[in-house]
Amino acid sequence: MSTTKENSEERALNFVEALIEEDIKLGTYQGRVHTRFPPEPNGYLHIGHAKSICLNFGLAKKYGGKCNLRFDDTNPVTEEVEYVDSIKEDVRWLGFQWDAELYASDYFEQLYEWAEMLIREGKAYVDDQTPEEIGKQRTSPTEPGIESPYRRRSAEENLDLFRRMRAGEFPEGSRVLRARIDMNSPNMHLRDPIMYRILHKPHHRTGDKWCIYPMYDWAHGQSDFLEGITHSICTLEFEVHRPLYDWFLDQLATDDYRPKQREMARLNLNYTVMSKRKLMKLVKEGYVNGWDDPRMPTISGFRRRGYTPEAIRVFSDRIGVAKRENVIDTAFLEHCLREDLNKRSPRVMAVLNPLKVIITNYPDQNQEWLDAVNNPEDPEAGTRKVPFGKEIYIERDDFMEDPPKKFFRLAPGREVRLRYAYFITCREVIKDASGTITALHCTYDPDTKGGNAPDGRKVKATLHWVSADEGVEIEARLYDRLFLTSAPEDVAEGEDFTVNLNPDSLKVVKGVAEPSLKGAKPMDHFQFERLGYFNVDPDSNEDCLVFNRTVTLKDDWAKIAKKA
RNA sequence: UGCCCGAUGGUGUAACUGGCAACACGUCUGACUCUGAAUCAGAAGAGUCUAGGUUCGAGUCCUAGUCGGGCAACCA
Numbered sequence: 001m002s003t004t005k006e007n008s009e010e011r012a013l014n015f016v017e018a019l020i021e022e023d024i025k026l027g028t029y030q031g032r033v034h035t036r037f038p039p040e041p042n043g044y045l046h047i048g049h050a051k052s053i054c055l056n057f058g059l060a061k062k063y064g065g066k067c068n069l070r071f072d073d074t075n076p077v078t079e080e081v082e083y084v085d086s087i088k089e090d091v092r093w094l095g096f097q098w099d100a101e102l103y104a105s106d107y108f109e110q111l112y113e114w115a116e117m118l119i120r121e122g123k124a125y126v127d128d129q130t131p132e133e134i135g136k137q138r139t140s141p142t143e144p145g146i147e148s149p150y151r152r153r154s155a156e157e158n159l160d161l162f163r164r165m166r167a168g169e170f171p172e173g174s175r176v177l178r179a180r181i182d183m184n185s186p187n188m189h190l191r192d193p194i195m196y197r198i199l200h201k202p203h204h205r206t207g208d209k210w211c212i213y214p215m216y217d218w219a220h221g222q223s224d225f226l227e228g229i230t231h232s233i234c235t236l237e238f239e240v241h242r243p244l245y246d247w248f249l250d251q252l253a254t255d256d257y258r259p260k261q262r263e264m265a266r267l268n269l270n271y272t273v274m275s276k277r278k279l280m281k282l283v284k285e286g287y288v289n290g291w292d293d294p295r296m297p298t299i300s301g302f303r304r305r306g307y308t309p310e311a312i313r314v315f316s317d318r319i320g321v322a323k324r325e326n327v328i329d330t331a332f333l334e335h336c337l338r339e340d341l342n343k344r345s346p347r348v349m350a351v352l353n354p355l356k357v358i359i360t361n362y363p364d365q366n367q368e369w370l371d372a373v374n375n376p377e378d379p380e381a382g383t384r385k386v387p388f389g390k391e392i393y394i395e396r397d398d399f400m401e402d403p404p405k406k407f408f409r410l411a412p413g414r415e416v417r418l419r420y421a422y423f424i425t426c427r428e429v430i431k432d433a434s435g436t437i438t439a440l441h442c443t444y445d446p447d448t449k450g451g452n453a454p455d456g457r458k459v460k461a462t463l464h465w466v467s468a469d470e471g472v473e474i475e476a477r478l479y480d481r482l483f484l485t486s487a488p489e490d491v492a493e494g495e496d497f498t499v500n501l502n503p504d505s506l507k508v509v510k511g512v513a514e515p516s517l518k519g520a521k522p523m524d525h526f527q528f529e530r531l532g533y534f535n536v537d538p539d540s541n542e543d544c545l546v547f548n549r550t551v552t553l554k555d556d557w558a559k560i561a562k563k564a
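Be aware that the first sequence starts at 1, since it is given in the numbering used here, and climbs by one per residue.
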């Protein structure tokens with residue numbers, strides 16, 4: 001059940017869909033569509049991965065095909081089960097179910113056999129040189145490469161060496177297996193790329209079984225092939241790998257079936273960073289509180305922040321898929337979020353910067369329970385009762401002693417409405433010795449109960465409020481953007497992106513909320529009227545509910561105030 | 001002085017085999033409103049990187065440039 005427009009939107013086909021439809025028409029894969037999401041389990045997924053997830057799983061869904069979740073786990077030095085688990089959780093949370101959970105490591109034996117085959121055919125050889133030597137011989141893209149002295153070893157010798165590599169006879173880094181392709185290719189990836197390296201490291205799935213591990217290029221295309229993938233979508237930087245992807249498959253395939261690799265531009269968002277390395281740095285060096293810190297652009301961060309999978313899916317669909325480099329405005333993500341949250345969030349009143357109001361003409365000890373609408377966007381949501389009394393809290397920002405013309409909230413002598421309650425008029429401002437306002441004395445009009453004046457008089461503002469007696473204390477975590485600049489990675493020579501961190505990206509405040517909030521569960525969404533959307537953080541306990549501000553409401557007054 | 005991509009309002013994405021550059025976000029107006037929210041209505045903003053060419057007609061085709069990105073990890 002979706003609360004958004006997500007399945008009803010019409011849009012033009014993107015280039016991947018156009019290709020798939022063409023393949024369906026041509027019968028290239030007998031009408032089959034099979035994609036895969038292939039993360040490396042070396043970090044947490046971010047919103048850029050969400051784009052890929054939505055695309056790959058979305059394509060399978062749209063064309064009645066399948067989508068695998070395949071972990072590209074060919075490098076045991078950086079990969080961990082913690083990451084595998086988080087990735088699975090994130091994909092599921094986004095609302096997708098993979099057809100098969102697979103690992104590149106599932107194919108180690110098959111890859112090994114194919115490697116032996118290439119060796120026997122003279123298409124691969126063992127090189128004993130150091131990484132430096134190999135790199136140097138590749139020279140530069142503008143000049144021909146230099147052949148390795150080991151390039152012409154016999155198949156027998158290569159086979160023997162390769163088997164001994166597998167058997168663990170050689171130290172880490174001492175030898176590699178290389179494909180013999182073309183040292184003069186203008187495409188550097190074809191200058192005898194490395195297929196295997198020796199790594200005496202246990203693998204999170206295969207344990208100590210292997211001490212040689214395949215490189216990405218040798219594992220990825222073959223994994224696609226083994227799984228019957230039809231369309232293998234990746235990002236632009238792999239475009240130059242495509243000839244190699246195709247070359248390997250051409251050596252192995254026994255018929256015409258070939259997965260098609262196609263490349264799209266990755267997602268970039270302004271005011272944040274999106275590389276795993278940088279996100280890792282933020283986590284490891286304590287700039288944020290973990291991968292799921294609500295300020296992080298990780299999927300787990302957005303989840304904890306209160307974003308919904310629906311919003312992310314709609315966002316992902318609307319930003320499109322193309323090859324041009326792009327930077328999406330975070331405001332667009334927030335727009336998709338608000339659109340979803342607006343429809344699903346129960347409204348509630350909470351005051352985050354309380355100012356006491358004493359209603360001088362309200363009977364002492366009196367208390368009333370007033371009707372409040374739960375969600376004006378959803379009549380089914382019904383109503384609830386909120387307690388009202390002689391002493392209440394309003395937002396400190398909703399009062400100005402000396403208001404500018406465009407401010408039409410509470411001010412001395414001015415009348416406003418308390419939402420679902422009464423009209424009140426400010427009569428007196430109470431201050432302490434230092435001059436700070438400590439309370440307001442107001443009077444109310446009993447005839448305006450519920451919020452309407454029988455005489456038809458209007459007020460220009462409606463304020464939210466909370467009963468001083470019945471309100472419950474809450475903690476609110478107010479987030480602002482993590483970075484001050486729209487392109488945090490643009491820094492001066494010698495500087496690091498962390499110089500652009502926003503020191504005020506998190507503000508923790510104590511507030512007070514209406515008692516209906518008692519019993520709210522972690523991850524529940526609410527709209528705090530006039531303030532924004534909030535969700536219950538798992539840090540909440542019996543004594544105190546903790547809320548994350550997911551996103552503010554659009555705020556025209558803030559714009560006006562800023563201009564002035 | 002290599003190879004591979006890309007270039008359309010501030011941002012993103014469209015424009016079927018050439019036919020008046022469209023949609024969304026953002027911005028600005030206004031209406032409505034018991035959330036300065038939501039909703040609704042409207043406006044401004046590009047002549048499609050440049051220069052030639054083909055054509056009745058070019059964002060789409062051709063040529064030559066320019067600019068941006070990627071590629072020389074035993075990372076993915």
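Just so you know, even glycine gets a beta-carbon here, dropped at the ideal spot from N, CA and C.
Taking DSSP as the reference, what is the three-state secondary structure of Asn68? DSSP places Asn68 in strand when its eight states are reduced to three.
With DSSP as the reference, label Ser232 as helix, strand or coil. strand
Identify, in the order they occur along the chain, each residue of the same chain with its Cβ nearer than 7 angstroms to the Cβ of Ala155, setting aside the five sequence neighbours on each side. Ile119, Arg120, Gly122
Taking the CB atoms as reference points, tell me whether Met264 and Ile233 lie closer together than 8 angstroms. Yes; because the gap between Cβ atoms is below 8 angstroms, this pair is in contact.
Count the other C-beta atoms from every protein chain shown that fall within 10 angstroms of the C-beta of Met117, then say buried if there are 16 or more, exposed otherwise. Around the Cβ of Met117, a 10 Å sphere holds fewer than 16 other Cβ atoms; the residue is exposed.
Is the CB-CB distance between Ile359 and Ala439 below 8 angstroms? Contact flag unset, no.
Give the DSSP-derived three-state secondary structure of Gly532 in the structure shown. strand
Within a Cβ cutoff of 6 angstroms, which residues of the same chain sit near Phe248, ignoring the five residues on either side of it in sequence? Gly221
Residue range of the unbroken alpha helix (DSSP H) whose run includes Ser86: 81–93
DSSP three-state assignment for Ser467, whether helix, strand or coil: strand
For Gly65, which residues from the same chain have a beta carbon less than 8 angstroms from its beta carbon, with the 5 sequence-adjacent residues on both sides left out? Arg32, Val33, His34, Thr35, Leu59, Thr230
Classify Met117 as helix, strand or coil using the three-state DSSP reduction. Correct three-state label for Met117: helix.
Per DSSP, what kind of secondary structure is Val429 in: helix, strand or coil? strand
How should Lys323 be labelled, buried or exposed, when 16 other C-beta atoms within 10 angstroms of its C-beta is the threshold for buried? exposed
Would Ser275 pass as a contact of Cys54 if the rule is Cβ separation under 8 angstroms? no
Is Glu514 closer than 8 angstroms to Val386 when the C-beta atoms are compared? yes
Would you mind sorting Asp556 into buried or exposed? The rule is 16 or more other CB atoms within 10 Å of its CB. exposed
Do the region 253–260 and the region 124–133 touch if we need at least three Cβ pairs shorter than 8 angstroms? no
Whose C-beta lies closer than 6 angstroms to the C-beta of Tyr245 among residues of the same chain, with five residues either side of it excluded? Gly221, Gln261
Of all the options Arg477, Leu111, Asn500, which has the alpha carbon lying nearest to the alpha carbon of Met215? Leu111
Would you be able to state if there are at least three C-beta pairs under 8 angstroms between the region 450–458 and the region 467–484? no
Using the C-alpha atoms, what's the distance from Gly43 back to Lys201? Their Cα atoms are separated by approximately 19 angstroms.
Taking 8 angstroms as the limit between beta carbons, can you name the residues of its chain near Ser8, skipping five residues before and five after? The predicted position of Ser8 is uncertain, since its pLDDT is 47 and thus under 50; a value taken from the coordinates is nonetheless stated next. Closer than 8 angstroms at Cβ, skipping near neighbours: no residue.
Under 8 angstroms, do Asp480 and Asp504 count as touching if we go by C-beta distance? yes
Within the chosen definition, does the region 538–556 reach the region 301–311 through at least 3 CB pairs nearer than 8 angstroms? Because the criterion of three Cβ pairs below 8 angstroms is met, the region 538–556 and the region 301–311 touch.
Taking the Cβ atom as the reference point for each residue, do Arg569 and Asn374 lie within a distance shorter than 8 angstroms? This structure leaves residue 569 out entirely; the chain is present only between 1 and 564.
Beta carbon of Lys510, beta carbon of Glu473: below 8 angstroms? yes
Please state if the CB of His525 and the CB of Ser300 are separated by a distance shorter than 8 angstroms. no
How far does the alpha helix (DSSP H) with Gly301 in it extend, from its first residue to its last? 299–305
Provide the residue span of the alpha helix (DSSP H) that contains Pro131, from first to last. 131–137
Whole angstroms are fine: how far does the CA of Lys343 sit from the CA of Ala381? 11 angstroms
Taking the straight line between their C-alpha atoms, what separation do you get for Phe170 and Ser148? Looking at the two C-alpha atoms, the distance is approximately 19 angstroms.
Can you check which of these residues, Trp210, Met523, Cys336, is closest to Ile198 by C-alpha distance? Trp210
Run through DSSP, which three-state label would Leu267 get? coil
Whose C-beta lies closer than 7 angstroms to the C-beta of Phe407 among residues of the same chain, with five residues either side of it excluded? Met400
Report the option in Phe332, Thr206, Ala124, Asp208 whose CA atom is closest to the CA atom of Arg175. Ala124
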